[in-house]
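Chains as they are written, first to last, in my numbering: chain V, 68 to 514; chain E, 20 to 459.
Glycine included, C-beta positions come from ideal geometry on N, C-alpha and C.
This structure is a prediction, so every number in the text was calculated from the model and none was measured.
Accompanying notes for the structure given below.
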Amino acid sequence: MNYINSSSQVIQIEPFKIYNQNNSLELIKKICLAVTGIGFLFLLISLTGISNQLPILFFFLSFGLIAAGSVFYFVVLTKEAPTGIKNNKIFIDSLSSRKTAAWILGVVLTGFYVVLYWFPELMQNWINLVNPLSYYLRGKPADHWFLYGAFYTTAVLVMAVRMIVKYRHNRYQIIRSISVSIFQLGLSFIIPGILVKLNKPEFYFNYFWPLKFQYLFPSEIKYLTSKGEALGYFMVFWGIAMFVIATPILTYFFGKRWYCSWVCGCGGLAETAGDPFRQNSDKSLKAWKLERWSIHSVLVFVVVTTGLLWINSATGGKVLGTISQTFAGWYGFIIGALFSGIIGVGFYPIFGSRVWCRFGCPMAAALGMLQKKLSRFRITVNGNQCISCGNCSTYCEMGIDVKWYAQRGQNIIRSSCVGCGICSAVCPRGVLKLENLPAAGRYNKVD
Amino acid sequence: MHLVIIGNGITGITTARIVRKRSDMRITIISSESKYFFSRTALMYVYMGHMKWQNIKPYEDWFWEKNNIKLIYAHVTSIETDAKSLRLDDNSIIKFDKLVIATGSQTNKFGWPGQELIGVQGLYSKQDLELLEKNAKDIKSAVIVGGGLIGIELGEMLHARGIHVTFLVREKLYWNNILPDEEAAMVSRHILEHNMNLKLKVELKKILPDENGRVRAVVTDGNEEIHCQFVGLTPGVHPNIDLVKNTNIETGRGVLVNEYLETNIPDVYSAGDCAEIISSDGGKNKIEQLWYTGKMQGEILARNILGEKIKYDRGVWYNSAKFLDIEYQTYGFVPRSPREGEENFYWEHLGGKICLRLVYSSSDRAILGVNVFGIRLRHKMFEAWIKEKKSIEFVLENLRVANFEPEFYRKHEQEILDKFNRENPGKNLTLKKKNLIEIF
């Protein structure tokens, strides 16, 4: 305890708590990491098929221990230091600064996607591991996509805990992390599963055209409505209404963030599992130029493909024959598999967490146009307070050079901004604020 | 016309950028600190691993050539004002038509015994950062002398690398020569919370060497010996005018300039940390050593170089800092204890990490300044309120409008207002409601 005597008064300075990286904390952290490691070991062992006799036990020994160990680890971190931005050693540690560990993880993730897409039979024993869960949820055996969903959802939920711990002083980040977790678990995992169990079409209510481009393909619409059930028609209506009505309205009021960093599953993974790698996005002007070309090309590709399929369908296949179907197939391969999976997630540790969202996602392209022209959203710069430190740009997962605007006092309005709010969080001078204000005057041009 | 700028800090660079925007004058910037402009305030983040060197450069490297600004990475050894030329350390000569001296600051050293030992340094330049990497490598504990803004940064940097930090602070609380007691106590508490050691009302007497000429301990004025392998000297900075001293450019503590930032020699200007602005109304000369003032002076200087005649007036004062996890903003003027004719309103959150102090005039109740910790406030709003002499009551009732916190953050305006109402019987202020237009 420290008492300070001055002539006029006595001021007591005594912190409520003293944070300290003491030995017992270190020990608990190591135990947590060991539990996580044992979980991964069981996951690896399961590949041999030894787990097939006792899938439930091995499911808990792998998925369960990984989740429990890492969640406890993150919670222990709260005891170590007061709340606040702690990005210490991010550019020193191997995994987060594109050094050896990052490359190893990148290769492992990419390898996982290659196996998932083209050699799923290699993962059969993992698929067996989630079989009981699949039966419970969907009433039928698991396939490799269900396994993928299980991995994906686990990653989002566990890493959302990390996100909440890291930004526990920031209510925007806490609420947002809970949001992406709920949408992933509910709309992308549980509800599609239940639909399958009820023998309904497996439908993801948080994906719409043009991201889930199939939802406006004639074949998909025919399939959804084939049974003549109300639910099928509702799904078609939902897909169209969300894109045509809800998207422009919500984007007008909140910017594209309502979708990209609050609802979307790709965004959900990027905002949770991808957060440790957000600093690896390329901020150069060159990258921005490439981004504009590539993302709009993909959007055009989707529009053309959808159009061709409808022309084909309307003319009974007379005009284009099978070309449009081939076109759609190629789109699925190049964009769906290569881009969103392998480059999008596999390369997280190298290119950052939003490569797909930034360079490839047609939904992001469409939302971005609306955000730029028809929205109230902007990131406001607080007067002349910027010190050009560069934290905002460094931690922008979309590679926006935020400080370029901030240091000249200009509001940031960029079509790619997903409104994650991290620039505002890491700013040491409180210069940035995500806001939805009247659209007039949001472009405050400065000379 | 050839404009030569010595120094590529925020002042020199701002001058060059604004001149370039408005003219196609030939521009050369000379620096021996770094090839490209970097943000000095961000040096700490490089050491802590938040960023790499390339992240703290505010402009990409192609920017300078594209804007036809020539960068020379060399040291100026002498200035010939009559010949209008400079000599560089490679003995080449550069001719200029107009010259800007923006050489920044140097760390204060007060002649402490042992201040030249290995492991003793300040933190100002890129070279200091490189030295720190060497000096603080594999050490266990450090002592920081001086309780100011650079001190807290250096403390945070070392702490982030797992080095135990002890501060020696002359005042009774951290930064108490600037901050009022309550705020200084808050900062002091926060330092202790981080498990750093804070020795208050303590001054450095001498620094002791080990057998290799490296620091092994410091001795305080109370003859306490504190073991450490590193000593950070952060008792402030002074203008770096070594280059100018032997020329006919007049100097005082800094390079003497008038309010147009002109020196006594025609076509030679100075701005930023190194400039000492002569007061025209007989007041004290000003030396301003902040990022913000450097930037503002650069803007004014550029326009004066281009033939305008504008006095430098920093307007409503503002500054900001971050004490470990607590952000600090100040607008207007908040003295460390209330002056004659002024009153204070102070509110502190129960958690002890958020506070707000409003200073206002006793006579017309006009707001004069604000200190705020842990809440972000709108700069332009407070600037306008101070300029327009809005009353303390107006400010409190409209405080919500000035809130710059991220969305969903807990608001404290009502609690602040309640405290004011309690302390001022008869007042019954109410928060202004949200505008409909702001909702939709």
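field: 8 Å CB neighbourhood of residue 74 of chain V in its chain, flanking five on each side removed
entry: Caution applies to residue 74 of chain V, whose pLDDT of 40 falls short of 50 and renders its modelled position unreliable; the model cannot decide the point.
Residue 338 of chain V and residue 244 of chain V closer than 8 Å at C-beta: In this structure, residue 338 of chain V lies near residue 244 of chain V, with their beta-carbon atoms less than 8 Å apart.
message: Is residue 201 of chain E near the ligand ZN - that is, is its Cβ less than 7 Å away from at least one heavy atom of it?
response: As for the ligand ZN, it is missing from this structure, which has no ligand bound.
message: Judging by CA-CA distance, which residue of V:366, V:148, V:475 is the nearest neighbour of residue 236 of chain V?
response: Of the candidates V:366, V:148, V:475, V:148 places its Cα closest to the Cα of residue 236 of chain V.
Whole-angstrom distance between residue 234 of chain E and residue 245 of chain E, CA atom to CA atom: Residue 245 of chain E and residue 234 of chain E have their C-alpha atoms some 11 Å from each other.
message: Here's a check: name, in chain order, each residue in its chain whose Cβ is nearer than 6 Å to the Cβ of residue 239 of chain V, leaving out the five neighbours to either side.
response: Take residue 239 of chain V, set aside five residues on each side of it, and the residues of its chain with a beta-carbon closer than 6 Å to its own are 488, in chain order.
- prompt: By a C-beta neighbour count over all protein chains shown, 10 Å radius and 16 as the cutoff for buried, is residue 432 of chain E buried or exposed?
  reply: When all chains shown are included, residue 432 of chain E counts as buried.
- prompt: What residues in its chain sit with their C-beta under 8 Å from that of residue 296 of chain V, if we drop five residues either side in the sequence?
  reply: In the same chain as residue 296 of chain V, and ignoring 5 residues on each side of it, the C-beta atoms closer than 8 Å to its own belong to 267, in chain order.
query: Going by alpha carbons, who is nearest to residue 137 of chain E out of E:22, E:154, E:127?
result: When each option's Cα is compared against that of residue 137 of chain E, the closest is E:154.
message: I'd like to know whether the C-beta of residue 84 of chain V is nearer than 8 Å to at least one C-beta of chain E.
response: It does; some Cβ of chain E falls within 8 Å.
- prompt: Does the separation of the CB atoms of residue 34 of chain E and residue 321 of chain E fall below 8 Å?
  reply: Yes. Within cutoff.
message: Give me the chain V residues within the contact set of residue 67 of chain E, using Cβ-Cβ distance strictly less than 8 Å, ordered along the chain.
response: Listed along chain V are 154, 155, 156, each with a C-beta nearer than 8 Å to that of residue 67 of chain E.
message: Starting from residue 474 of chain E, trace the alpha helix (DSSP H) in both directions and tell me its first and last residue.
response: Nothing in the structure corresponds to residue 474 of chain E, since chain E is present only between 20 and 459.
query: Between the stretch 355-366 of chain E and chain V, which residues of the former have CB atoms less than 7 Å from a CB of the latter, in chain order?
result: Listed by position along the chain: nothing, the set is empty.
- prompt: Hey, would you say residue 92 of chain V sits closer than 8 Å to residue 192 of chain V, going by beta carbons?
  reply: Contact flag unset, no.
- prompt: Which residues of chain V have a Cβ atom closer than 7 Å to the Cβ of residue 428 of chain E, listed in chain order?
  reply: Under the 7 Å cutoff, chain V gives 238.
- prompt: Nearest chain E C-beta to residue 456 of chain V closer than 8 Å, yes or no?
  reply: Taking 8 Å as the CB threshold, residue 456 of chain V lines the interface with chain E.
- prompt: What first and last residue would you give for the alpha helix (DSSP H) that runs through residue 198 of chain V?
  reply: 198-205 is the span of the alpha helix (DSSP H), which, as asked, contains residue 198 of chain V.
message: Tell me the rounded alpha-carbon separation between residue 77 of chain E and residue 211 of chain V.
response: Rounded to the nearest angstrom, the two C-alpha atoms are 47 Å apart.
- request: Mark residue 199 of chain E as exposed unless 16 or more other C-beta atoms lie within 10 angstroms of its C-beta, in which case mark it buried.
  value: It is buried - the Cβ of residue 199 of chain E has at least 16 other Cβ atoms within 10 Å.
query: On the three-pair Cβ rule with 8 Å, is the stretch 167-186 of chain E touching the stretch 250-259 of chain E?
result: In short, these stretches touch, since the Cβ pair count reaches three.
- prompt: Is there a Cβ from chain E that is less than 8 Å from the Cβ of residue 338 of chain V?
  reply: So no, residue 338 of chain V is outside the interface.
message: Please report whether the beta-carbon of residue 344 of chain E lies at a distance below 8 Å from any beta-carbon of chain V.
response: At least one chain V Cβ lies under 8 Å of residue 344 of chain E.
task: Look up residue 422 of chain E in the DSSP assignment and say whether it is helix, strand or coil.
output: In the structure shown, residue 422 of chain E falls within a strand segment according to DSSP collapsed to helix, strand and coil.
- request: Mind the definition here: the stretch 339-355 of chain E touches the stretch 384-397 of chain E only if three or more C-beta pairs lie below 8 Å; say whether that holds.
  value: By the C-beta criterion, the stretch 339-355 of chain E is judged to be in contact with the stretch 384-397 of chain E, since at least 3 inter-stretch pairs fall below 8 Å.
query: How many whole angstroms separate the CB atoms of residue 451 of chain V and residue 321 of chain V, which I take to be in contact at a CB cut-off of 8 Å?
result: At roughly 28 Å, the Cβ-Cβ gap does not stay under 8 Å, so residue 451 of chain V and residue 321 of chain V are not in contact.
task: Identify each residue in the stretch 475-493 of chain V for which the Cβ-Cβ distance to at least one residue of chain E is less than 9 Å, and report them in chain order.
output: Here the close residues are 488, 491, 492, 493.
- prompt: Going straight from the alpha carbon of residue 459 of chain E to that of residue 143 of chain E, what length do you get?
  reply: For residue 459 of chain E, the pLDDT reaches just 43, beneath the cut-off of 50, and the residue's location in the model is therefore unreliable, although a value from the coordinates is still provided. Going by the C-alpha atoms only, they are around 48 Å apart.
query: Quick one, are the C-beta atoms of residue 466 of chain V and residue 354 of chain V less than 8 Å apart?
result: Contact flag set, yes.
message: Output needed in chain order: residues of the stretch 30-64 of chain E with a Cβ under 8 Å from some Cβ in chain V.
response: Taking 8 Å as the Cβ-Cβ cut-off against chain V, the residues of the stretch 30-64 of chain E that qualify are 40, 58, 60, 61, 64.
- request: Return the chain-ordered list of same chain residues with a C-beta closer than 8 Å to the C-beta of residue 76 of chain V, the five sequence neighbours on each side being excluded.
  value: The pLDDT assigned to residue 76 of chain V is 49, lower than 50, so where the model puts this residue is not dependable, and the model offers no usable value.
field: Cβ of residue 290 of chain E within 8 Å of any chain V Cβ
entry: No, its Cβ sits nowhere closer than 8 Å to a Cβ of chain V.
query: Which residues mark the beginning and the end of the alpha helix (DSSP H) in which residue 21 of chain E is found?
result: Careful: residue 21 of chain E lies outside any alpha helix (DSSP H), inside the beta strand (DSSP E) at 21-25.
- request: Buried or exposed for residue 14 of chain V, please, with buried defined as at least 16 other CB atoms from any protein chain shown within 10 angstroms of its CB.
  value: For residue 14 of chain V there is no data in the structure shown, the boundaries of chain V being 68 and 514.
task: Step through the CB atoms of chain V and report whether any lies within less than 8 Å of the CB of residue 311 of chain E.
output: With 8 Å as the cut-off, residue 311 of chain E counts as an interface residue toward chain V.
field: Coil, strand or helix - residue 474 of chain V by DSSP
entry: In the structure shown, the three-state DSSP call for residue 474 of chain V is coil.
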